[in-house]
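Here is the structure we will look at, set down as structure tokens.
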Ligand SMILES: [Zn+2]
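In the working numbering, the protein residues as written are 40 to 387.
Written out as structure tokens, the structure is:
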């Protein structure tokens with residue numbers, strides 16, 4: 040397939056260092072004890088000790104691109120793609136862990152700003168940190184689907200993003216002093232399906248992936264055969280397990296999975312800390328399609344057989360809230376998504 044669309048590509052180049060703010064201006068979320076956030080690796084959920092190499096954050100490397108996990112709190116994943124001629128931040132995690140994210144990125148970039156931030160969708164655990172990134176790097180382009188831009192323009196949506204951040208911070212024993220700062224959430228470059236982001240010598244095509252949300256998208260780099268995934272594909276749990284995550288469109292998720300399969304990526308960056316390669320990537324997409332259909336069939340058959348909402352909720356939970364899922368998703372978040380998915384399927 041061609042990566043060229045009719046529209047002019049967005050071109051992002053290295054930003055100059057003087058566009059950055061002083062470190063002192065940067066707001067820090069604080070532990071109750073008063074110490075600021077440190078850079079943390081997602082693998083251990085704790086602070087990155089002085090002796091530990093930043094290499095620990097590297098999830099993937101071919102000769103041209105490295106992908107680093109730079110999110111500073113489990114569940115608030117964010118990735119930095121690094122090449123000799125560009126850097127791209129993919130998602131930005133929670134607001135309350137954003138100072139740690141910024142710190143991780145700065146250490147990898149030697150204080151430079153990333154060239155671009157792309158948001159795979161507008162949910163609080165993926166997009167909140169963008170407000171802090173923008174504060175740290177005022178010239179940073181924040182790219183997301185046009186619908187995400189509209190979401191951030193709705194005060195009620197921002198209020199719920201703030202509320203969810205506060206709730207999760209509280210659950211983790213953190214105070215979140217700078218929650219008001221989420222009022223500055225914004226998308227600077229609204230994009231649509233087929234548009235291109237040009238970063239250094241690489242082109243990334245925006246692939247709309249409605250399903251998990253209306254504003255979901257993936258990025259496809261044909262040159263590298265690398266797909267930066269979306270939760271609309273489902274959530275990777277392990278080689279055999281995928282949790283469906285369509286909250287607004289079942290058909291949309293199936294379409295996103297089919298589109299990903301048609302691209303035949305050599306690598307897929309999955310939103311919760313995994314890069315699937317080759318056979319593993321193909322297997323993930325097969326599992327994703329199967330589980331998306333299985334969840335729907337369970338609800339369709341069950342409701343035809345007169346099963347109650349409560350019974351269907353429990354059946355879905357038994358199927359998908361596995362040990363693996365429990366490690367990456369708090370129960371309350373699973374229950375909420377599960378309810379939304381069930382509502383969506385029962386409406387049909
Ligand atoms: Zn989400």
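Don't be surprised by glycine CBs; every beta carbon is placed ideally from N, CA and C.
Keep in mind that this is a model prediction, so the values were computed, not measured.
Assignment of residue 162 by DSSP, reduced to helix, strand and coil, places it in the coil class. Taking the Cβ of residue 251 as the reference point, at least one heavy atom of ligand 1 falls within a distance shorter than 7 Å. Look at the beta carbons and you see the segment 258-271 not touching the segment 210-222: under three pairs across the two are nearer than 8 Å. For residue 151, no alpha helix (DSSP H) run applies, since DSSP gives it neither H nor E. Between residue 190 and residue 171 a beta carbon distance of about 18 Å is seen, past the 8 Å cut, so the two are scored as non-contacting.
Residue 239 and residue 205 have their C-alpha atoms roughly 37 Å apart. Relative to the Cα of residue 124, the nearest Cα in the group 219, 336, 117, 151 belongs to 151. The Cβ neighbour count for residue 323, taken over all protein chains shown within 10 Å, is at least 16; the residue is labelled buried. Annotated three-state conformation of residue 171 is helix, per DSSP. Looking at the backbone, the Cα of residue 222 and that of residue 346 are separated by about 43 Å.
For residue 316, the three-state secondary structure derived from DSSP is strand. In summary, residue 157 is buried, with 16 or more beta-carbon neighbours lying within 10 Å of its beta-carbon over all protein chains present.
In this structure, the beta-carbon distance from residue 108 to residue 139 does not fall below 8 Å. Taken through DSSP and simplified to helix, strand or coil, residue 296 comes out as helix. Taking the Cβ of residue 270 as the reference point, at least one heavy atom of ligand 1 falls within a distance shorter than 7 Å. Separation of residue 236 and residue 350 (C-alpha to C-alpha, rounded to the nearest whole angstrom) is 46 Å. Around the beta carbon of residue 194, fewer than 16 other beta carbons sit within 10 angstroms, so the residue counts as exposed.
If you ignore the 5 residues before and after residue 298, its C-beta comes within less than 7 Å of the C-beta of 246, all in its own chain and listed in chain order.
Contact between the segment 356-371 and the segment 287-296 is not established, with fewer than three Cβ pairs separated by less than 8 Å. DSSP, read as helix, strand or coil, puts residue 192 in coil. For residue 187, the closest C-alpha among the options 178, 117, 197 is that of 197. Comparing alpha-carbon positions, the option among 244, 175, 154 lying closest to residue 184 turns out to be 244.
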